[in-house]
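Novice: Residue 1 is where the sequence shown starts when you use the UniProt record's numbering, and the numbers rise one by one after that. Every residue, glycine too, gets a C-beta built ideally from N, C-alpha and C. If you're wondering where the values come from, they're calculated on a predicted model, not measured in any experiment.
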Amino acid sequence: MQLHVADHPLIRHKVTVLRDKETKSPTFRLLVDELVTLLAYEATRQVRVEECEVETPLTVTTGTKIADPAPLIVPILRAGLGMLDGMTRLIPSAEVGFLGLKRDEETLEAITYANRLPDDLTGRQVFLIDPMLATGGSLVMAIEYVLQRGATDVTCVCLLAAPEGIDHVREAIGDRADVSVVVAQVDEKLNEVGYIVPGLGDAGDRLYGIVDH
Ligand code: PRP
Ligand code: URA
Numbered sequence: 001m002q003l004h005v006a007d008h009p010l011i012r013h014k015v016t017v018l019r020d021k022e023t024k025s026p027t028f029r030l031l032v033d034e035l036v037t038l039l040a041y042e043a044t045r046q047v048r049v050e051e052c053e054v055e056t057p058l059t060v061t062t063g064t065k066i067a068d069p070a071p072l073i074v075p076i077l078r079a080g081l082g083m084l085d086g087m088t089r090l091i092p093s094a095e096v097g098f099l100g101l102k103r104d105e106e107t108l109e110a111i112t113y114a115n116r117l118p119d120d121l122t123g124r125q126v127f128l129i130d131p132m133l134a135t136g137g138s139l140v141m142a143i144e145y146v147l148q149r150g151a152t153d154v155t156c157v158c159l160l161a162a163p164e165g166i167d168h169v170r171e172a173i174g175d176r177a178d179v180s181v182v183v184a185q186v187d188e189k190l191n192e193v194g195y196i197v198p199g200l201g202d203a204g205d206r207l208y209g210i211v212d213h
C-alpha cells in the first residue's frame, strides 16, 4: 500500500477551517469540494491514458485521453457522497458505483447496507472516496468488495486519517493489489471510541517512511 499525504499549505489551511466548530454547513461543503479537487489532482496522477489523434485548426496531432475502460468512482455513503462532485469534475467520463457502509458504533465493525458496484471490475481503476479513515474497517471492506470483482488498482481518497486505520489497511491488503491512500492529513491517533483525534499534521511523515509529497 502506498500512502500519499498531500502536504500543501492550501490544503492545511482548508482542513483547519473545515475543523473549526464555528464553520457553517455551506462553507463546510464548499471546503470539502475544494479539498477533493486538490486531492483528486494528486490521486489521478497514475490514471490510465492512451494516445489519440486530435484535429486542431492547424494540423492533426497526437494527444492523450483517459483509457477505456473508464475509471470507477465509488463514494462510501453517506459522507463520501459530499466528495463525489469534486471527483467527477476532474474525471467527467468516470462511471460511478455506490457502497453504503455504516460503522456499528459499539463494535466499530462496518455493516453493508447498499452495494451497487459493476460485477466485473477487471482492468478498471477504482477510486474509493470517504472523508474519514478511522479504524479502517469501512475502507478495508470497500477495498475487499472491489478486489473480489477483479480490480487490482485501487486509489482511496480521504480527507482525514488515523495512523491506526492506515496500518489496518496496509496489513489487511498486503501485496494483493496496488492500493494507494491519498489523504489531506494524518492525525495523531484514535480515541477510546474509535474517533480520529486531531493532531499534528505531519504525524504521517514521522510514522511512515514511504510518504511522498
Ligand atoms: C464514517 C466515515 C467512514 C467511517 C470511518 O461513516 O465516513 O465511512 O465512519 O470509520 P472506520 O474507519 O472506523 O470504519 P459512518 O459509518 O459514520 O457513516 P455515515 O457516513 O453514514 O455517517
Ligand atoms: N466518524 C466520524 O465522524 N469520525 C471518526 O473519527 C470516525 C467516524
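Would you list, in sequence order, the uninterrupted alpha helix (DSSP H) runs of no fewer than 4 residues that lie entirely inside the region 86 to 143?
Specialist: Entirely contained in the region 86 to 143, not one alpha helix (DSSP H) run reaches 4 residues.
Novice: Just verifying my parser: in three-state terms, what is the DSSP assignment at glycine 199?
Specialist: Here residue 199 refers to the residue found at position 199 when the sequence shown is read from its first residue. Looking at glycine 199 - three-state DSSP - the assignment turns out to be coil, as it is neither helix nor strand.
Novice: In the DSSP assignment, find the unbroken alpha helix (DSSP H) run with lysine 14 in it and report its ends.
Specialist: By 1-based counting over the sequence shown, the position of residue 14 is 14. 9 to 19 is the span of the alpha helix (DSSP H), which, as asked, contains lysine 14.
Novice: Can you tell me whether aspartate 212 is buried or exposed? The criterion is at least 16 other CB atoms within 10 Å of its CB, across all chains shown.
Specialist: In the sequence shown, residue 212 corresponds to position 212, counting from 1. Model confidence at aspartate 212 stands at a pLDDT of 40, short of 50, so the residue's coordinates are unreliable and nothing is read from them.
Novice: Who sits around ligand 1, taking every residue whose Cβ is closer than 7 Å to one of its heavy atoms?
Specialist: Spelled out in chain order, the answer is Ile76, Leu77, Arg78, Ala79, Gly80, Leu101, Lys102, Arg103, Leu108, Ala110, Asp130, Pro131, Met132, Leu133, Ala134, Thr135, Gly136, Gly137, Ser138, Leu139, Gly165, Gly194.
Novice: Which of the three DSSP states is assigned to threonine 61 in this structure?
Specialist: Here the question's residue 61 lines up with position 61 in the sequence shown. Reduced to three states, the DSSP call for threonine 61 is strand.
Novice: Once the 5 residues before and after lysine 65 are set aside, which same chain residues still bring their CB inside 7 Å of it?
Specialist: Here residue 65 corresponds to residue number 65 of the sequence shown, with the count starting at 1. Cβ neighbours of lysine 65 beyond the five flanking positions: Val49, Glu50, Cys52.
Novice: Is any heavy atom of ligand 2 found at a distance shorter than 7 Å from the C-beta of isoleucine 173?
Specialist: Position 173 of the sequence shown holds residue 173. For ligand 2, not one heavy atom lies less than 7 Å from the Cβ of isoleucine 173.
Novice: Excluding five sequence neighbours on each side, which residues of the same chain lie with their C-beta closer than 6 Å to the C-beta of glycine 97?
Specialist: Residue 97 sits at position 97 when you count from the first residue of the sequence shown. Only Leu72, Val74, Arg116, Leu117 meet the Cβ criterion.
Novice: Please determine, among Arg45, Thr112, Ala114, the residue with the shortest C-alpha to C-alpha distance to cysteine 156.
Specialist: Here residue 156 corresponds to residue number 156 of the sequence shown, with the count starting at 1. Checked all of Arg45, Thr112, Ala114; the closest Cα to cysteine 156 is Arg45.
Novice: Cα separation between methionine 1 and valine 179?
Specialist: Position 1 of the sequence shown, counting from 1, holds the residue named residue 1. Position 179 of the sequence shown, counting from 1, holds the residue named residue 179. Each residue's alpha carbon lies about 5 Å from the other.
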